[in-house]
Amino acid sequence: MARVQISDLDPDIWVGWAHLEEPYAKFPGADHAEQSLDLSRLSVDTLKILYQVQQKNAQILQCKPASLKLDKSAIKAILLEVKHCAKTGSGFKVRRRFLEVIEAGNAMGRFDIPIPYVPAPLPPMPPSPFTHENMERRAKITPLLAAFNYSLKESRCTVSSQAWWGQVLLSAMLNGALVDSVFLMELVKSLAGGDYDPELRWVCLYPVKGKNPPKHPVLRRWFVDPVTRLILASSINGQKLVMPEFKRVSDGQNVYSCISAYAKHHEFSDKLPGGIKALLDGARARLHLHMPPWLVQYASDRLVSTSLPEHVWERLMHPPSKYVSTLTSRVVPALAGPVSMLDDLDDEEQEGGDEGDEGEYESGNALIEKDETLPAQLRELGGVLNSKQDGPQKRVKAWLAANNGELLPSVRILGLWAAEHLLAKGRGRRIKRPRTTYQMVNCIAGRLVGQLGRLDLTKLGNEGAYLEVYQVALEDTPSNGVRRIVGRALKSLHQYLESKHGVVPLSDHDIFRVSGRGNAAVDANLISTDSFFQISNHLEQEINKLYGAQVGKSKVASALVQQLRVVLSLGFFCGLRRSEVLGLQIQDLDFIEGISITPENPPEFWIEICKNGLRELKSRSANRLLPAFVLMPLPVLIEVRNLWVLRRNQIRASDKAQNPDTHDPLKAITGTEPLFKLFVKDGKVNDRDLNLERLTKALKHLNDDEGLRFHHLRHSFANWLTVMLWLGEQGKGVFLPEWFMPTEHDSRRLMISASVRQSLLGAAPSNTRSMLQISSLMGHAGLDITMGSYIHLADFILGRMAYRLTPKWDIATLEALSGYSASYLYEIERKLSVATPSQIRPGVYLDSICARLLLDGKNRVPVKKKSTVNFTKSSAVIPPKNITTKTLQVLEIFNFLEYAKTVSAPQNEDLELYPIKISSERYGYPLEDLKIWVQQLKSLPQGVLRSKGVPLARPKYNRMAADLVSKPEQISVAMTACELLKKVYQGEMPGLGKKLACQKRVQELLSDFLELWIPGTQLSIETDSLPKSKRWLWFLRELNIGTAIDVTHTPSIGKDFPSAKRQRQYWEGQLEIGQIKESEPKVSDSTRGKIRIDLDLTQISKGGGEPQHKGATILFGVRATLSILALIQCAFLD
């Protein structure tokens, strides 16, 4: 296309379209409604875009507002032109800004155009932190900073305990961005309690705010800044810290008293601002010079983010590399969500129904009377309701009467609801307390009035209109907890509208029911890029082995591998929910075919998330457009494209087979065909497909974390994108410590942070919308949801940014703090990496000194980058450690062996050895051991590994060799048997003799059982041997099922044998059993006949001290245990 000239464009273009060139902080208002755009100030690229839009629809650009209406298809066509003519790499940015103009025009009445997908909303620019007031606050602590740094030269002089803590707290505040008095007090408790990293890299804080603290407070990991770390390292020396004696009531007063003690000791009390508030305000104002606004908000506890649990955090420093058969059981408390900025009220009596606890409606909602964005009359209503005067119902009624005719209908109905419903007694409903009434109105007032304006809520008409209003109000909530509170208030409001104004009922609709976890449970977890590739590789290797296929040979295996890997990729790199991934259609992927994907010039590749026939969306905000070519690594992006091409070809081939005469390749595809055909059933997403469990199982077992779910891929996306956008702003150099994410895949991924940030946010050195961009890409309605529930590495980023606060000390101060000589300190500095950026170099230098102190002068062993993924084979498997799990898993191994025999072995593989080989790789046991077990399996009695004790004529395909011990009671008795035999085998029961004698006893018991067991029974044996019967009875009694023993004697017939009575009496006396049943005599060689020992579990009485069991099939757990331990020759008992 020829270069566009200004003369090619209509001169009457609205000034709002300048947003395409340079984004507005605030769109022009009504006073600029007809102002035209100065085209001479636009770039060639913007002129080109405007020209293409003008060709499609000139009216949309015109300056005069005309309430232009366009349908969704028309606006999508314009967006397609905008995308094609935008400069390479800026298509997403330009389309987003284009839709922001449309959105602003809709709000002004200029347009009536539907938004095909929700763009990142244009956020209000935060007020500049560099105000006169903030500069004054910062100026007040500038002398304090100088005085504190000077005082550290005398740090080794003796000070009181309170003054020493004052030094630590003041350092943490000024140098570590710990700018909250509650956090500072929690730091004292954690240090005194030893809840910190041995190398003093971080401290675990559990701050509690409000009168009603949560049962499990938020974990906030504070990363110790270099100055404070050096102070602690030079002072602790292995000694336990002692809590100072606090005499004040509030945390702030106690913190200030410690700091004052230190300032007084070093004679700079005059430099302290007058009170803890002024001191903290100055420290916060200083942070704005070094950190982005969202991070200052997090440091100030205005944005809440839950840190990772200890085991997840450890995983980032010590990445797992093996598949763990048995997951480690951890008790991880449900971590509390965002803390309300307001103090919680005391617990009040719970009402019946769905009203919940009074006092809870305050959480997560600002006070309406103080929100200047709301209409004045609504703020006035809030003031009336929040008044401390008596007679709240009369006050509201009087206010409504005084303002009759002037109120917005939506404000009036809220006042009537409060006066006639909440503050009035009704049938089955008590009067709400004034405070609760205010809170219920407060939590929904802004959400409703902002939508309705002058619309009357009593006259919306049909059910759908009410549902839409309530749905929008519910979507605008920061968390499930607040959403649940808003839902209850809306339900109460609609009940009032039904009873007093006769509106349509919504009793059968579940819109007010909110599922999922609320504020009381932030599920903080994630995986690394390295772990992603391990899981992807494991899925491919595992499935190919199961199907007996080499890579690419089996169509079934290849299709399953390809679709599972793409599902995994879209969750991890694009942050999609599982339903969003599985519900993708062919038309949702937008790219130009035929263009090769290269690192130098990746073509644009977009994924649209929108509602379709396969699945719904969680909210309106979930409708979004994702730049996959920016978010995904090239190999993964190619894999996604290949799946799309394969599905396209399959659809065309299917249409050609069905319609050979009328087949048209272009018309064969409608676009609504599912991308993931394997996971669609009856026209809907089938997220219960068992093959999806393979992915979840790999997630858990390759990270040894039973709490991991597919949804944590979304958490991973949010956190790693946050880290990458932060790193992209830092410039060149090494900003991450070597102990963090020491794997090759993670390092390579983070190396492209700058290019990812530039593609998403542009090349400006700083950007206030980085966190909003992440929130938009995730489909969240607000930043509070993203920060409160998904971002878990804000603590780490804050800790790294605190390095910018580190002062550059002279050598005298360093000598005083460290105790090292000047020459030794110079040597440490010379060894610093040249890649260390200048802005954090003083902090890294102090860290090196601190590391020498902690290691008694020794150099730290350098951390080597690990490569934990071998793409030619699965990750090594670690067998279970628990004896019961190991023993019972052998049953699963035998079943898998039988299944593996049915699949075709690859070429050049031994047909008999191949099933054993892949079983060894799958379960982690040595190949030689499995060979022996397979041979021994043939010697077991028929049916002994079946729950009913008899062989099956037609066993299930996954139970070919044995039934599994799966019921809880079966596992419980199996565990008791395993622990008992292990205890005896290891000689931990001295009453049975020495260790060798005990081992022999166990071996004989296992051998006896296989010899004496009666097929078709659960645990019955028959023998004529007294020692064997005694061993068996001892075992049953040790299992606490002694009262269930039922012994029957079968006497021998013959002239040389004693009488039947004498034979029975012999057994009764020797076995010390009061009464033995008698059966019919049989011809036998046994002098005293045989005895049969059965178990009747119904004989166990409730008060007898032995556990009761339901059903004899639980004994299969014991039988399987004995059989397997005998087969493997007690190998697990060592």
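Quick note: the sequence shown uses this note's numbering, first residue 6, plus one each step. Even glycine gets a Cβ: it sits at the ideal position worked out from N, Cα and C. None of the values given here were measured: they were computed from a predicted structure.
Endpoints, the beta strand (DSSP E) within which residue i is located
i: V20; result: Per DSSP, V20 belongs to no beta strand (DSSP E) and is neither H nor E.
i: D1051; result: I1050 to T1055
i: F537; result: Here F537 belongs to no beta strand (DSSP E); instead the alpha helix (DSSP H) covers T534 to L551.
i: F596; result: L594 to F596
i: F610; result: F610 to I614
i: L210; result: W207 to L210
i: F153; result: No beta strand (DSSP E) holds F153; the alpha helix (DSSP H) holding it covers H137 to S156.
i: R225; result: R225 to F228
Terminal residues of the alpha helix (DSSP H) in which residue i lies
i: C68; result: Looking at the DSSP string, C68 is not in any alpha helix (DSSP H), and its letter there is neither H nor E.
i: V839; result: Element bounds for V839: n/a, residue is neither H nor E.
i: A238; result: P231 to I241
i: V561; result: K560 to C579
i: L386; result: A381 to L390
i: F103; result: G96 to M113
Residue burial classification, residue i (beta-carbon count within 10 angstroms, cutoff 16)
i: A238; result: buried
i: R1097; result: buried
i: N647; result: exposed
i: V989; result: buried
i: L860; result: exposed
i: N180; result: buried
i: T907; result: exposed
i: A168; result: buried
i: T147; result: exposed
i: D789; result: buried
i: K496; result: buried
Collapsed DSSP secondary structure at residue i in the structure displayed
i: E1083; result: strand
i: R8; result: coil
i: S1012; result: helix
i: A881; result: strand
i: R805; result: helix
i: R1093; result: coil
i: S41; result: strand
i: S1128; result: helix
i: A339; result: With a pLDDT of 42 at A339, under the threshold of 50, the modelled position of this residue cannot be trusted; read the value that follows with caution. Of the three classes helix, strand and coil, the one that applies to A339 here is coil, per DSSP.
i: Q590; result: strand
i: N1027; result: The residue asked about is misnamed: residue 1027 is Glu in this sequence, not Asn. It is a strand residue.
i: K434; result: With the sequence shown as reference, residue 434 is identified as Arg, and Lys is not the correct amino acid for it. Residue state, collapsed to three classes: strand.
i: V193; result: helix
i: D1099; result: strand
i: V874; result: coil
i: W1037; result: helix
i: Y904; result: helix
i: W404; result: helix
i: F251; result: coil
i: D1139; result: coil
i: V187; result: helix
i: D934; result: helix
>> Please give the ranges of any beta strand (DSSP E) in the region 621-706, keeping only runs that are unbroken, at least 3 residues long and fully inside the region.
In response: 629-632
>> If we require 4 or more residues per run, which alpha helix (DSSP H) segments fall completely within the region 282-330?
In response: 298-304 and 315-322
>> Taking 8 angstroms as the cut-off, does the region 139-147 touch the region 290-305 (at least 3 CB pairs, one atom from each stretch)?
In response: yes
> Considering only residues of the region 445-483, which uninterrupted alpha helix (DSSP H) runs meet the minimum length of 4 residues and lie entirely inside it, listed in chain order?
Replying inline: 468-480
> Quick one: any contact between the region 151-160 and the region 195-206, if contact means 3 or more CB pairs under 8 angstroms?
Replying inline: no
> Counting Cβ pairs, one atom from each stretch, are 3 or more of them under 8 angstroms apart for the region 956-964 and the region 893-909?
Replying inline: yes
> Which ranges would you report for the beta strand (DSSP E) in the region 698-764 if only whole runs of at least 3 residues count?
Replying inline: none
> Can at least three beta-carbon pairs, one atom from the region 974-990 and one from the region 913-930, be found at a separation below 8 angstroms?
Replying inline: no
> Can we say the region 530-544 touches the region 711-723, given the rule of at least three CB pairs closer than 8 angstroms?
Replying inline: yes
>> With three or more beta-carbon pairs closer than 8 angstroms as the criterion, would you say the region 680-694 touches the region 493-508?
In response: no
> Does the region 752-762 come close enough to the region 723-741 that 3 or more CB-CB pairs lie under 8 angstroms?
Replying inline: yes
> Taking contact to mean at least 3 C-beta pairs separated by less than 8 angstroms, is the region 1077-1088 in contact with the region 935-954?
Replying inline: no
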